[in-house]
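UniProt numbering numbers the first residue of the sequence shown as 1 and each following residue consecutively.
Here a beta-carbon is modelled for each residue, glycine too, at the ideal position from N, C-alpha and C.
Take a look at the structure below.
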Amino acid sequence: MDKILADAKRRRKIAAFSCLVLIALSVVQLTIGVVAYQMIHNINAGSFWAVGGLLLGSILALVGVYNKQEGGCWMKTGTVCMGLGIVLAFVGAIIDGVTASAVSKVDILKCNHSDTGLANCMASAGCEKSVSMLSTCYCCYVTSQREASCAFQSVSLSEIPSFFSGVKSCADVSSYINLLWASVAFLTFSLIVGVVVTAMVSGYKNLVAQIPRTYIQTTVQRSPAPAYPTSSAYQPVVSPTPTPTATPQHDQIQKTSRPIPAPRNSRPPPYAPPADV
């Protein structure tokens, strides 16, 4: 039993550390995803939602690991959430990877920026069109390669994007691409760590379930019961009286001081009237 307890303690430390690592990775990916999602308005990439299951599952699993046997339900719920988070992280990595690959094909040096949202493509495409939003980086050379003239559209699986709305300059598109690739890297790493953490927590949960509850050291401290005084506490304490030493004089005094009992059949003397003087 001592060997099992030592193994459980070691696995508990490893599971807790792996949960903390997954929480840190999820927070970093959440930050990157939110920043990337808000940078380009017409492209909804930046899978910040993909780490929601991993973050929630790792927190629940960490609470269950610290609660030992009482945390079995927490660990089970955490592993289920992490399993769902692994699937979401895989989907999010694919979405951000496809978007980053499509945006990377655009030559930003050939694109122009418009604060008013008016795309002037008279030189290359022979048209001028107002884009939906202000502060837009538009690429006329991409539009001229399409069959429909001045057909500005966002990213898709078959075509690269021809404009980027909500950017201060076209240089922001390069930063956007870097954020997307960083998101893909963190999602992939979080996915791998999530698989490891799920296995660690499940193994620790199964090991702790085999240990009897009497061998689990609980941290609950019970308050001591109040000490009520017994009945003897209320009784007065009587000091013992020293016994005098027996001497011949003492015995004689005790004998003379005792009252002499009257005889049983004795009668009082008859009444005698007083004599006349």
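DSSP places ASN120 inside the beta strand (DSSP E), whose first and last residues are 118-121. Looking at the DSSP output, THR99 sits in no beta bridge, so it has no partner there. Pairing ASN112 with GLN145, the inter-Cα distance amounts to about 17 Å.
According to the DSSP assignment, PHE163 belongs to the beta strand (DSSP E) that extends over 163-165.
Bridge pairing for THR136: SER114, SER165 [DSSP]. Between SER135 and GLY166, the C-beta gap is smaller than 7 Å, which places the two residues in contact.
For the 7 Å CB-CB criterion, CYS81 and GLY53 form a contact. In terms of CA proximity to MET39, ALA171 leads the group SER190, THR198, ALA171.
Less than 7 Å separates the beta-carbon of SER58 from that of ILE23. For LYS105, no alpha helix (DSSP H) segment is defined, and its DSSP state is neither H nor E. Looking at the backbone, the Cα of ALA50 and that of VAL91 are separated by about 8 Å. Around the C-beta of LYS205, 16 or more other C-beta atoms lie within 10 Å, and the residue is accordingly described as buried. A residue is called buried once 16 or more other Cβ atoms fall within 10 Å of its Cβ, and CYS73, having fewer, is exposed.
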